[in-house]
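To keep things clear, I will list the structure first and then write my remarks on it.
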Ligand SMILES: [Zn+2]
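Residue numbers (this note's numbering): 8 to 334.
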C-alpha cells in the first residue's frame with residue numbers, strides 16, 4: 008500500500024522534470040538590454056518600430072514565421088507581432104508579453120521624472136526577452152504547438168484617454184470561434200526580470216492552469232520565486248482571453264509591484280539574468296511537457312465569488328424574513 012502511494016507521486020515528478028531545459032538567462036538578458044538600447048518604446052514611436060523589427064528579425068532568424076497585426080488606436084498606428092512555426096497557425100498553447108513601454112513614469116517619487124517616458128527594462132522588455140529566447144530553445148517538434156505573441160499598446164492606460172491592454176483586446180477580437188475553441192492555454196509574462204523577483208498567484212488567472220505551473224516550478228526547486236500565496240487581480244493582457252473563455256495565466260511580479268514599476272528606475276541594472284532564467288526554464292518545461300496533450304484547464308470561479316453569492320443570498324433571506332415577521 009505504501010509502495011502504491013509512492014509510485015504515482017515519484018513518477019509524476021520524474022515525468023515533469025525529466026526534460027532538461029535549454030533556456031539561457033544571459034541570452035535572454037541580451038535581448039532585454041538590446042530592447043532598452045532603442046530607448047523608451049511607447050506606442051507609435053520610432054523606437055518601438057525599431058524594437059518591433061528586432062523582434063521580427065530574431066524570430067525569423069530562428070525559423071519562425073511572423074505577421075504584424077496592425078491596428079489604429081486614438082489615431083496611433085500600432086501592431087502586435089505574431090509568430091508561429093510550420094506551415095500553418097494552429098497552436099494550442101499561446102505565450103504572450105507586451106513589448107511597448109509606458110509613456111510616463113507617473114509613479115516616480117521625483118515629480119520631475121513623472122512626465123518622462125519609462126525605459127521599461129522590466130515592464131515590457133523582460134517578458135519579450137523571455138519569449139525571444141524561447142523562440143531559440145524550444146525543441147522543433149514542440150514549436151508548431153506554440154504561438155508567440157508580442158502585444159502593443161498594453162501600458163498607456165490612464166494617459167491621454169488611453170485604455171490598458173489595447174493590443175491583446177484587438178488580438179482576441181480577431182480570433183474566430185474555431186480558433187478560440189482550439190486554444191488550450193494562454194500564458195502571459197509581465198515584469199519577470201527584477202533581480203528580486205517574487206511571483207504570487209494572480210487571482211484572475213485560471214486556477215487549474217496556475218496550479219499546474221506552480222507545482223511544476225516547485226518540483227524544479229523554485230518555490231521561493233513562484234510563491235504559493237494569493238496575490239491580487241491584475242488587469243493585464245490575459246484578461247481578454249479569459250473573457251473569451253480561454254484558460255489564461257498571468258505570471259507577473261505584483262502585490263506589491265517592483266519598486267521600479269512606472270518609474271525612471273526601471274533599467275537593466277535592476278534586472279537579472281537569473282530571474283529571466285528561472286521563469287524561462289519553468290515555462291519551457293511546461294510547454295514541452297504539455298505539447299500535444301490538448302489538456303483542458305477548467306475555469307473555476309474564485310472563492311471570492313462564492314462568498315459574494317452566499318452573502319447576497321444571506322442578506323436577501325434576512326430581508327424576506329424581517330418582512331414576513333413584520334407582516
Ligand atoms: Zn506597466
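Just so you know, even glycine gets a beta-carbon here, dropped at the ideal spot from N, CA and C.
At what residues does the alpha helix (DSSP H) containing residue i begin and finish?
{"i": "residue 61", "result": "53-68"}
{"i": "residue 36", "result": "32-44"}
{"i": "residue 225", "result": "214-226"}
{"i": "residue 187", "result": "184-189"}
Residue i by DSSP, collapsed to three states: which one?
{"i": "residue 158", "result": "strand"}
{"i": "residue 22", "result": "The pLDDT assigned to residue 22 is 45, lower than 50, so where the model puts this residue is not dependable, and the model offers no usable value."}
{"i": "residue 268", "result": "coil"}
{"i": "residue 147", "result": "helix"}
{"i": "residue 133", "result": "helix"}
{"i": "residue 297", "result": "helix"}
{"i": "residue 240", "result": "coil"}
{"i": "residue 233", "result": "strand"}
{"i": "residue 245", "result": "coil"}
{"i": "residue 106", "result": "coil"}
{"i": "residue 280", "result": "helix"}
{"i": "residue 330", "result": "helix"}
{"i": "residue 128", "result": "helix"}
{"i": "residue 17", "result": "With a pLDDT of 36 at residue 17, under the threshold of 50, the modelled position of that residue is not reliable, and the figure given next carries that caveat. Note: residue 17 maps to helix in three-state DSSP."}
{"i": "residue 112", "result": "coil"}
{"i": "residue 168", "result": "coil"}
{"i": "residue 94", "result": "coil"}
{"i": "residue 12", "result": "With a pLDDT of 38 at residue 12, under the threshold of 50, the modelled position of this residue cannot be trusted; read the value that follows with caution. Note: residue 12 maps to helix in three-state DSSP."}
{"i": "residue 286", "result": "helix"}
{"i": "residue 316", "result": "helix"}
{"i": "residue 27", "result": "coil"}
{"i": "residue 302", "result": "coil"}
{"i": "residue 324", "result": "helix"}
{"i": "residue 118", "result": "helix"}
Ligand 2 heavy atoms versus the CB of residue i: any closer than 6 Å?
{"i": "residue 109", "result": "Among the ligands modelled here, namely ligand 1, ligand 2 does not occur."}
In the DSSP output, what is residue i paired with across the bridge?
{"i": "residue 89", "result": "74, 156"}
{"i": "residue 179", "result": "None; residue 179 has no bridge partner."}
{"i": "residue 84", "result": "79"}
{"i": "residue 201", "result": "278"}
{"i": "residue 101", "result": "154, 193"}
Any chance the CB of residue i is under 6 Å from a heavy atom of ligand 1?
{"i": "residue 44", "result": "no"}
{"i": "residue 115", "result": "no"}
{"i": "residue 243", "result": "no"}
{"i": "residue 162", "result": "yes"}
{"i": "residue 130", "result": "yes"}
Kindly indicate the opening and closing residues of the beta strand (DSSP E) around residue i.
{"i": "residue 257", "result": "255-259"}
{"i": "residue 196", "result": "192-197"}
{"i": "residue 252", "result": "Here residue 252 belongs to no beta strand (DSSP E), and DSSP marks it neither H nor E."}
{"i": "residue 206", "result": "206-208"}
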